[in-house]
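Taking the numbering used here, the leading residue of the sequence shown gets 7, the next gets one more, and so forth. This report concerns only the one structure given below.
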Amino acid sequence: MPQGKPSVVPEDGLTTRQRRNRPLVLVHTGPGKGKSTAAFGLALRAWNQGWPVGVFQFVKSAKWKVGEERALRVLGGTGEGGTVAWHKMGEGWSWVQRDSQFSNEEAAREGWEQVKRDLAAETYKLYVLDEFAYPMHWGWVDPAEVVSVLRDRPGTQHVVITGRNAPQELCDFADLVTEMTKVKHPMDAGQKGQRGIEW
7 MPQGKPSVVP EDGLTTRQRR NRPLVLVHTG PGKGKSTAAF GLALRAWNQG WPVGVFQFVK
67 SAKWKVGEER ALRVLGGTGE GGTVAWHKMG EGWSWVQRDS QFSNEEAARE GWEQVKRDLA
127 AETYKLYVLD EFAYPMHWGW VDPAEVVSVL RDRPGTQHVV ITGRNAPQEL CDFADLVTEM
187 TKVKHPMDAG QKGQRGIEW
């Protein structure tokens, strides 16, 4: 895409400005590292544009303090860019399912209900649904409902969804899908995650 010009201009009746300002659904999936990191980078751009940002963490532990959370909360409170709200849906979740699956399942459904309420109210301009692919993959949240809600969302609300195994139905609907592939990772050589890199 040289110089930011699309290779194809669709005959959809929209002006260039209308097409450029269309609300998008973005999906970051695949087995590689960087899905959430890329979404939080997008949140930084949204904050810089003065957009209200809502982050909904569906899987990572509510006790886990990720660096992006602190940075975005601080930035959101400066009054210089957009506001940032951070919601943690899972208490002690991991991408590996545990015995407390039922309560996690209920929390995921409850989290999705909150996202639906916020979309209907147009609470945020950018929604980061971090690790939301997992509740869909595990059958806790219906991908068909997610696609229907996103298709009918009002206004110009952008939504980015992260997580491995994003359902095909969601990928087919999304405007942008990036699959992170792993070529090499320090964990392959027995190295655990480290401060400043993983959190």
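The beta carbon of each residue, even a glycine, is placed where N, CA and C say it ideally should be.
- GLN63 is bridged by DSSP to LYS94 and ASP136.
- Taking all protein chains in view, the Cβ of PRO149 is crowded by 16 or more other Cβ atoms within 10 Å, so the residue is classified as buried.
- Under the DSSP assignment, GLU204 falls outside any beta strand (DSSP E); it carries neither an H nor an E label.
- Taken through DSSP and simplified to helix, strand or coil, THR43 comes out as helix.
- Contact between the region 180–189 and the region 31–41 is established, with three or more Cβ pairs separated by less than 8 Å.
- The C-beta distance from VAL61 to ALA49 rounds to 7 Å, short enough to meet the 8 Å contact threshold.
- Between the alpha carbons of TRP205 and THR21 lies a distance of about 42 Å.
- Within the region 109–136, complete beta strand (DSSP E) segments of at least 3 residues are found at 132–136, given in chain order.
- The beta-bridge partner set that DSSP reports for LEU32 consists of VAL166 and LEU182.
- For THR84 and GLU17, the gap between their C-alpha atoms comes out near 43 Å.
- Close CB contacts of PHE179 within its chain, under the 6 Å cut and outside five residues either way in sequence, are with VAL153 (chain order).
- The three-state secondary structure of THR21, taken from DSSP, is coil.
- The beta carbon of PRO160 is closer than 8 Å to those of LEU125, ALA126 and GLU128 in its chain, skipping five residues each way along the sequence.
- Per DSSP, the unbroken alpha helix (DSSP H) holding SER154 starts and ends at 149–157.
- Taking all protein chains shown into account, HIS191 has fewer than 16 neighbouring C-beta atoms within 10 Å of its C-beta and is therefore exposed.
- Taking each of TRP146, HIS93, ASP194 and GLY88 in turn and checking the Cα distance to GLU112, the smallest one comes out for TRP146.
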